[in-house]
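*Asks:*
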Amino acid sequence: MRSASRPDSTLSGGTQRNMSKTASKLQLILAAFVLLAALGASAAAVAQPEPLSGAERDGFLQWLHSLETAVAAREEAELPEAAPLYPFDTPAWDLSDPRPYRHLSISKAVTELEAEVNARGGAGRVGGNLSSTLMALANARNYVNLSEYDSALVWYRVAAEIDSTGSFRHEIAREGLACAASANDSLAMAALMTNTLGTDDLTGRQDELVLAYRWLLTARDTDSVEHLVDKIEAHREVVTPRLRFWHAYALGWLGRPSASLAELRVLVRDGGLSHGLSEHQRGWVLSALADDYFLLGDSDTARGLYRALADCAVGRLRMWGKNQLAGLDFIEHRYLSAGAGFEEVCEGTRFGAWQDQACAMVEIAREMERIKGEGEPYGVAQFYRP
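For the sequence shown, the numbering used here assigns the number 16 to the initial residue and increments by one for each residue that follows.
1) Taking the Cβ atom as the reference point for each residue, do R322 and L340 lie within a distance shorter than 9 angstroms?
2) Closer than 8 angstroms is the cut-off here; do at least three beta carbon pairs connect the segment 178-198 with the segment 146-155?
3) What number of angstroms, rounded off, separates the C-alpha of A206 from the C-alpha of L192?
4) Taking 8 angstroms as the threshold, find out whether the segment 93-101 comes into contact with the segment 297-317 through three or more Cβ pairs.
5) What three-state label does DSSP hand T105 in the structure shown?
6) So what does DSSP say about A53, is it helix, strand or coil?
7) To which residues does DSSP link L100 through a beta bridge?
8) How many angstroms separate the CA atom of T214 from the CA atom of C194?
9) Decide if C327 is buried, meaning its Cβ has at least 16 other Cβ atoms within 10 Å, or exposed.
10) E71 to V283, Cα distance in whole Å?
11) If we count the other Cβ atoms within 10 Å of its Cβ and call it buried at 16 or more, is F48 buried or exposed?
12) Once DSSP output is grouped into helix, strand and coil, what is the label at L258?
13) Would you mind reading off the limits of the alpha helix (DSSP H) that contains F309?
14) Give every residue of the same chain whose Cβ lies closer than 8 angstroms to the Cβ of G330, excluding the five residues on either side of it in the sequence, and list them in chain order.
15) Which residue's Cα is closest to the Cα of R208: Y228, D216 and G219?
16) Taking M383 as the reference, give the member of L217, D344 and E359 with the closest Cα.
17) Going by alpha carbons, who is nearest to R349 out of L231, A92, V377 and V225?
18) Using 10 angstroms around the beta-carbon of R251, count the other beta-carbons present and answer buried if the total reaches 16, otherwise exposed.
19) Do L243 and A263 have their C-beta atoms within less than 9 angstroms of each other?
20) Residues in its own chain within less than 7 angstroms of L202 by CB, not counting five upstream and five downstream?
21) Quick one: residues in its chain with C-beta nearer than 7 angstroms to the C-beta of L43, no 5 flanking neighbours on either side, listed in chain order?
22) Can A373 and C361 be called in contact, C-beta distance under 9 angstroms?
23) For the alpha helix (DSSP H) that contains E382, what are its first and last residues?
Here is the structure:
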C-alpha cells in the first residue's frame with residue numbers, strides 16, 4: 016500500500032538521486048545561459064571604445080611604475096600614506112611638531128585681532144579696504160586652526176562682505192566651503208554651494224570645484240553632481256589634472272563609463288606625475304581605466320591592462336588585476352583558469368569585500384567546468400564551439 020504522504024515512494028533511492036542531480040544540472044545550465052546571454056547582450060548594446068594609443072599605453076605604465084616607486088619608498092621608510100586630510104587638504108597632525116604652544120599663540124592672535132576690529136567700530140564699518148579684509152580672513156583661519164568652525168564661518172562671511180574688490184573671493188569661497196563641511200553645517204553648505212554652482216566664472220576656482228565634487232558625491236546628490244559635470248564640460252579651459260580626476264570619478268559614479276574613460280585617457284597620457292593625488296587616487300585611475308574598457312566590451316584592451324596590474328608590486332592593484340582576469344576567463348568559458356584565479360584572490364591578503372565574491376566564484380567556476388565537460392547529454396556542447 017502506497018503512503019499518501021510520499022507519492023514517489025515507489026521509486027528507488029538511486030533513481031531519486033539521479034533525478035535530483037539531473038534537475039540540479041539543468042538549473043545550473045539554465046543559470047549559465049541566462050548569465051552569459053545577459054553579458055553578451057550588454058556588450059553588444061554598447062559601442063566599443065577606441066583602443067589605447069601608444070602614448071596612452073606608455074603613460075599607463077609610467078603611472079604604474081611611478082606609483083610602485085612611491086609606495087615602495089614609503090613602505091621602506093615605514094611611513095603611512097601621506098593623504099591630505101579632507102576637507103582642508105592639509106597634512107595629518109605631526110606629533111613631532113616642535114610648537115607645543117601653537118594653540119595658545121593662535122588664541123592670542125584671535126583676541127588681538129578682534130580687539131583691533133572692535134576698536135575701529137566693527138569689521139562691517141571699516142570701509143572694505145585691503146587691511147580689514149585680511150584681518151577678517153586671518154581671524155577666520157585662526158578659528159579654523161582652533162577647530163572653532165562656527166566662529167570661523169562668521170568671519171568668512173564678514174570677509175566676503177568687506178572684500179569689495181574681490182581680491183580674496185577665491186580663498187574665501189574655497190575655505191568657507193571647507194569650514195562648513197568640517198562643521199557639518201548643511202544649511203551653510205547649501206548656501207555656499209549655490210554660489211559655486213551658480214557662477215559662470217570658474218577661473219581660479221579649481222580647488223573649490225574639487226571640494227564641491229567631494230561634498231556632493233558624499234551626499235549622493237545626483238542632480239547637483241550632474242549640474243556640476245555640465246558646468247565643467249562647458250568650461251574645459253579651467254580643468255587641471257586634479258579636477259579632471261574628480262570629474263572622471265563623478266562621470267563614473269553617474270554611470271557614464273565612456274565619458275569617464277575619455278578623461279582617464281587624458282590623465283594617463285600626461286605621464287606618471289602624481290598631480291597632487293594620493294596613492295589610492297592614483298591607483299583608482301589605473302584600475303578604473305581597465306574597468307571602463309571591460310564595461311564597454313573591449314575585453315582585449317582590458318585584459319592587457321589587468322595583466323599589468325596583476326604583475327605590479329602594489330598589493331591592492333595586483334589583487335584586483337588577478338580578480339578581473341579571473342572574471343574575464345569566466346565569461347570566456349575558461350572555467351579552470353577562472354577558478355584558480357578566484358581562489359588566489361580569495362586566499363590572498365584582504366583588501367575589500369569584493370574578495371568575498373571571489374571566494375564564492377571558486378566553486379561556481381569548478382561546477383561550470385564540470386557541466387561544460389558533461390554538457391553533451393544536455394545539449395549545451397554547441398554553445399562552447401569556437
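Note that the Cβ used here is the ideal one computed from N, Cα and C, for glycine as well. Keep in mind that this is a model prediction, so the values were computed, not measured.
*Replies:* In short:
1) Yes, they are a contact pair.
2) Below 8 angstroms, enough C-beta pairs join the segment 178-198 and the segment 146-155 to call them touching: three or more.
3) Spanning the alpha carbons of A206 and L192 requires a straight line of approximately 10 angstroms.
4) Between the segment 93-101 and the segment 297-317, the count of Cβ pairs shorter than 8 angstroms is below three; the stretches do not touch.
5) Looking at T105 - three-state DSSP - the assignment turns out to be strand.
6) Residue confidence is low: A53 scores 49 on pLDDT, short of 50, so the model does not pin down where it sits. Its coordinate-derived value is still stated next. Under the three-state reduction of DSSP output, A53 falls in the helix class.
7) Partner(s): T105.
8) Rounded to whole angstroms, T214 to C194 spans 20 angstroms at the Cα level.
9) Burial call: buried.
10) Roughly 6 angstroms between the two C-alpha positions.
11) Its pLDDT being 43, under 50, F48 is placed unreliably by the model, and nothing is read from it.
12) In the structure shown, L258 adopts helical secondary structure according to DSSP, grouped into three states.
13) Start and end: E294 to L310.
14) Answer for G330: T364 and F366, listed in chain order.
15) Arg is not the amino acid found at residue 208; the sequence shown has Met there. Here the closest residue by C-alpha is Y228.
16) Put simply, of L217, D344 and E359 the residue whose alpha carbon is nearest the alpha carbon of M383 is D344.
17) Ranked by Cα distance from R349, the options L231, A92, V377 and V225 are led by V377.
18) R251 comes out exposed.
19) Taking 9 angstroms as the Cβ cut-off, L243 and A263 do not qualify as a contacting pair.
20) If we look at L202 and ignore the five residues flanking it on each side, it has no Cβ neighbours.
21) Only weak support is given to the placement of L43: the predicted model assigns it a pLDDT of 47, under 50, and the value that follows is read from those uncertain coordinates. Setting aside the 5 residues that flank it on each side, L43 is surrounded in the same chain by E382 and I386, each with a C-beta closer than 7 angstroms to its C-beta; the list follows chain order.
22) Contact: yes.
23) Looking at the DSSP string, the run of the alpha helix (DSSP H) that includes E382 is W369 to G388.
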